[in-house]
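The sequence shown begins at 3 in the numbering used here and counts up one residue at a time. We treat Cβ as the ideally placed atom computed from N, Cα and C, and that holds for glycine. Worksheet for the structure shown next.
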Amino acid sequence: MTIDVASTPPAFWDTVAEHVAAQVTPAIKLGPHSRGPIITYLRDLECAARHECESRQAIQIIASGRHLLGDQSSVEPGEGPFSRT
Numbered sequence: 003m004t005i006d007v008a009s010t011p012p013a014f015w016d017t018v019a020e021h022v023a024a025q026v027t028p029a030i031k032l033g034p035h036s037r038g039p040i041i042t043y044l045r046d047l048e049c050a051a052r053h054e055c056e057s058r059q060a061i062q063i064i065a066s067g068r069h070l071l072g073d074q075s076s077v078e079p080g081e082g083p084f085s086r087t
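This is the structure in C-alpha cells:
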C-alpha cells in the first residue's frame, strides 16, 4: 500500500503506525538494495508529516521505520509544526 504524501488526509496520521509497520515488516526480510524504494517513500512521508502532522509520535514512528531498514540519514525539518525540533 502506498499513499500520495502530497495529499495526505488528516485521519491518516492517526493510523501511521500501522501503515509504517505494514511497509517495514516485510521489507526487513529484503536485501539492502530492495529496501531503497521503501526508504525513499518513508523519507517523503516523514517530510510530509513534518509539514502536515501535529504528532511528534507519528514523526518518530516513521523515522524509526527508516532506521530499522538501515537508513541513517536525517530528514530536514523544513517548515511546519515541528520544524525547529
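Per DSSP, reduced to three states, the secondary structure at L32 is coil, with no helix or strand assignment. Between the segment 9–18 and the segment 32–45, the count of C-beta pairs closer than 8 Å stays below three; the two stretches do not touch. Inter-residue distance for I40 and L70 is about 11 Å (C-alpha atoms, whole angstroms). For A50, the closest alpha carbon among the candidates G38, R37, I64 is that of I64. Taking 8 Å as the cut-off, the beta carbon of P34 is found no closer than this to the beta carbon of G67.
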